[in-house]
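Novice: In the numbering used here, the protein residues as written are 23 to 385.
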């Protein structure tokens, strides 16, 4: 028999000790403590190799005014429910209610119009209808856009027209559109309220917006790219560079009063990041046109050539951007109709809008 030297005995002993430590350590990892559940190591190893470091934010997180940015708005949740429905009108084809929902702690009211007839098995298709600029003290829920809502509702669409915060009876301060995310949040919470309703097809909810609401619903579309369809009438401000290029000429516009929270916040925003610049990492995160690569839905834009408030060049420029994508998009131009697309153009535009939603909300 071969004799083992003293040095070999020492090495063997050390290896034995190491083996015991390894086994004990492995058992300590695998055997759960009382009240714990441990995933087997074999299932934990594979995902580790697949981890990829996230792209760093251009700013430390959190950063001032992050709530305006598309990445932040994508990261948060929108949860709400319709409540306290009060019937206010009824026709042969639909019934209208004043309803309310919660939007980040604020009670927001809105006009909810529900078609009559046999509801589809998976619920009615629906539209969150977002009003354009109206001086908040002049806004009337049942008066403004009545003919638009009527046309959509009598064509078998649930229409929910929220009174954006600070308008009508809705709580909160009207924070403005282009340099705030307040109205986007109200719209996405309105969408969430419809999603939770038993009468609406949760996968068939589109957005409609006029004038300033073109910006609101386009940014909302960038935040929730799974929205199946949006229709914009005479919309403005998509890239933000277009704002300085085409401007807006609205004689009804009344800026917020000095000393209001929205006025103070806007000035603080400009003091922090300056006015819009396409090369600013912050402002790049605000423009919805920088976040359209994963949009799955369709876009229909309607604009009158003779619009004296919002130049049709806003819509034409948006089309040039969308032409470089796979997004389904159409621009309907009208020779007359003005900013609200009235007269004979109104009927044509509404027919096209109904057809657009009917085709794209049945998914």
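We put the beta carbon where it would ideally sit given N, CA and C, even for glycine.
Here the structure is a predicted model, which is why all the values come from computation and not from measurement.
Using a Cβ distance threshold of 8 Å, determine whether the segment 264-275 contacts the segment 284-292, with at least three qualifying pairs required.
Specialist: no
Novice: I'd like the span of the beta strand (DSSP E) that includes residue 366, first residue to last.
Specialist: One-based indexing of the chain shown puts residue 366 at position 344. Run containing residue 366: none in the beta strand (DSSP E); it sits in the alpha helix (DSSP H), 366-382.
Novice: Rounded to the nearest angstrom, what separates residue 354 and residue 369 at their Cα positions?
Specialist: One-based indexing of the chain shown puts residue 354 at position 332. One-based indexing of the chain shown puts residue 369 at position 347. Each residue's alpha carbon lies about 13 Å from the other.
Novice: Grab the span of the beta strand (DSSP E) containing residue 147 for me, first residue to last.
Specialist: Here residue 147 is taken as the residue at index 125 of the chain shown, counted from 1. First-last of the beta strand (DSSP E) with residue 147: 146-152.
Novice: Taking the alpha-carbon positions, what's the residue 273 to residue 140 distance?
Specialist: Taking the chain shown and counting its residues from 1, the one referred to as residue 273 is at position 251. Taking the chain shown and counting its residues from 1, the one referred to as residue 140 is at position 118. When rounded, the distance between both Cα atoms is 45 Å.
Novice: Please list the terminal residues of the continuous alpha helix (DSSP H) segment that includes residue 335.
Specialist: Counted from its first residue, the chain shown places residue 335 at position 313. Unbroken alpha helix (DSSP H) run through residue 335: 335-344.
Novice: Between the C-alpha atoms of residue 297 and residue 330, what's the straight-line distance to the nearest angstrom?
Specialist: Along the chain shown, one-based indexing puts residue 297 at 275. Along the chain shown, one-based indexing puts residue 330 at 308. About 25 Å.
Novice: Can you check DSSP and say which residues form a bridge with residue 230?
Specialist: As a working mapping, residue 230 is identified with position 208 in the chain shown. The bridge partners DSSP lists for residue 230 are 151 and 253.
Novice: Straight-line CA distance for residue 235 to residue 112?
Specialist: In the chain shown, the residue the question calls residue 235 occupies position 213. In the chain shown, the residue the question calls residue 112 occupies position 90. Roughly 27 Å separates the two Cα atoms.
Novice: Alpha carbon to alpha carbon, what distance is there between residue 359 and residue 334?
Specialist: Taking the first residue of the chain shown as 1, we reach residue 334 at position 312. Taking the first residue of the chain shown as 1, we reach residue 359 at position 337. So the alpha carbons of these two residues sit roughly 12 Å apart.
Novice: Under the assumption that residue 332 contacts residue 258 (Cβ atoms under 8 Å), give the Cβ distance between them as a whole number of angstroms.
Specialist: Your numbering for residue 332 matches position 310 in the chain shown. Your numbering for residue 258 matches position 236 in the chain shown. Contact holds; Cβ gap of about 4 Å.
Novice: Give the single residue among 109, 160 and 223 whose Cα lies nearest to the Cα of residue 178.
Specialist: In the chain shown, the residue the question calls residue 178 occupies position 156. Comparing Cα-Cα distances from residue 178 to each of 109, 160 and 223, the minimum goes to 223.
Novice: Under a three-way DSSP split, which group does residue 59 fall into?
Specialist: One-based indexing of the chain shown puts residue 59 at position 37. With a pLDDT of only 31 at residue 59, under the threshold of 50, the placement of this residue in the model should not be trusted, and no figure is reported.
Novice: CB residue 110 to CB residue 149, shorter than 7 Å?
Specialist: The residue given as residue 110 occupies position 88 in the chain shown. The residue given as residue 149 occupies position 127 in the chain shown. Not in contact: residue 110 and residue 149 (Cβ atoms no closer than 7 Å).
Novice: Does residue 203 come out as helix, strand or coil in the three-state DSSP assignment?
Specialist: Here residue 203 refers to the residue found at position 181 of the chain shown. Looking at residue 203 - three-state DSSP - the assignment turns out to be coil, as it is neither helix nor strand.
Novice: Hey, residue 211 and residue 102: beta-carbon distance below 7 Å or not?
Specialist: Residue 211 sits at position 189 when you count from the first residue of the chain shown. Residue 102 sits at position 80 when you count from the first residue of the chain shown. Yes, the Cβ-Cβ distance between residue 211 and residue 102 is below 7 Å.
Novice: What alpha helix (DSSP H) runs, 4 residues minimum, are completely inside the segment 160-218?
Specialist: 168-175 and 204-217
Novice: May I ask which residues mark the beginning and end of the beta strand (DSSP E) holding residue 355?
Specialist: The residue given as residue 355 occupies position 333 in the chain shown. Where residue 355 is concerned, the enclosing beta strand (DSSP E) stretches over 350-356.
Novice: Could you tell me the distance, in whole angstroms, from the CA atom of residue 108 to the CA atom of residue 200?
Specialist: Position 86 of the chain shown, counted from the start, is the residue given in the question as residue 108. Position 178 of the chain shown, counted from the start, is the residue given in the question as residue 200. Here the C-alpha atom of residue 108 lies approximately 33 Å from the C-alpha atom of residue 200.
Novice: Three-state secondary structure (DSSP) at residue 277?
Specialist: As a position in the chain shown, residue 277 is number 255, starting the count at 1. Here residue 277 sits in coil by DSSP.
Novice: Keeping to the same chain, check which residues put their C-beta closer than 8 Å to that of residue 167; ignore five residues upstream and five downstream.
Specialist: Stepping through the chain shown from its first residue, residue 167 is reached at position 145. So the qualifying residues of the chain are 151, 153, 183 and 232.
Novice: Taking its Cβ as the centre, do 16 or more other Cβ atoms sit within 10 Å of residue 208, making it buried, or is it exposed?
Specialist: Mapped onto the chain shown, residue 208 falls at position 186. Looking at its Cβ environment, which holds 16 or more other Cβ atoms inside 10 Å, residue 208 is buried.
Novice: Just to check my reading of the structure: residue 300 and residue 263 have Cβ atoms closer than 8 Å, yes? What is that Cβ distance to the nearest angstrom?
Specialist: Taking the chain shown and counting its residues from 1, the one referred to as residue 300 is at position 278. Taking the chain shown and counting its residues from 1, the one referred to as residue 263 is at position 241. The Cβ separation is near 5 Å, so the contact holds.
Novice: How would you call residue 185, buried or exposed, if buried means at least 16 neighbouring beta carbons within 10 angstroms?
Specialist: Along the chain shown, one-based indexing puts residue 185 at 163. Under this definition residue 185 is a buried residue.
Novice: Taking Cβ to Cβ, would you say residue 253 is nearer than 7 Å to residue 361?
Specialist: Translated into the one-based positions of the chain shown, residue 253 becomes position 231. Translated into the one-based positions of the chain shown, residue 361 becomes position 339. No, the Cβ-Cβ distance between residue 253 and residue 361 is not below 7 Å.
Novice: Roughly how many whole angstroms lie between the Cα atoms of residue 324 and residue 164?
Specialist: For this step, residue 324 is matched to residue 302 along the chain shown. For this step, residue 164 is matched to residue 142 along the chain shown. When rounded, the distance between both Cα atoms is 24 Å.
Novice: Between the C-alpha atoms of residue 302 and residue 85, what's the straight-line distance to the nearest angstrom?
Specialist: The sequence position of residue 302 within the chain shown is 280, counting from 1. The sequence position of residue 85 within the chain shown is 63, counting from 1. C-alpha separation (whole angstroms): 14 Å.
Novice: Mapping the DSSP letters down to three states, classify residue 332 as helix, strand or coil.
Specialist: Taking the first residue of the chain shown as 1, we reach residue 332 at position 310. Look at residue 332 here: in three-state DSSP terms it is strand.
Novice: What first and last residue would you give for the beta strand (DSSP E) that runs through residue 303?
Specialist: Locating residue 303 in the chain shown gives position 281, where the first residue counts as 1. Here residue 303 belongs to no beta strand (DSSP E); instead the alpha helix (DSSP H) covers 303-306.
Novice: Exposed or buried, what is residue 122 when buried is set at 16 or more other beta-carbons lying within 10 Å of its beta-carbon?
Specialist: The count along the chain shown starts at 1 and reaches residue 122 at position 100. Residue 122 comes out buried.
Novice: Take the Cβ of residue 348 as the centre, count every other Cβ of all protein chains shown within 10 Å, and call the residue buried at 16 or more, exposed below.
Specialist: Translated into the one-based positions of the chain shown, residue 348 becomes position 326. It counts as exposed.
Novice: For residue 310, does the three-state DSSP call read helix, strand or coil?
Specialist: To locate residue 310, count along the chain shown from 1; it is residue 288. Helix at residue 310.
Novice: With DSSP run on the structure shown, which of helix, strand or coil describes residue 315?
Specialist: On the chain shown, residue 315 is found 293 positions in, with the first residue counted as 1. Reduced to three states, the DSSP call for residue 315 is coil.
Novice: Per the DSSP calculation, residue 120 is bridged to which residue(s)?
Specialist: Counting from 1 along the chain shown, the entry for residue 120 is found at position 98. For residue 120, which the question treats as bridged, DSSP gives the partners 108 and 133.
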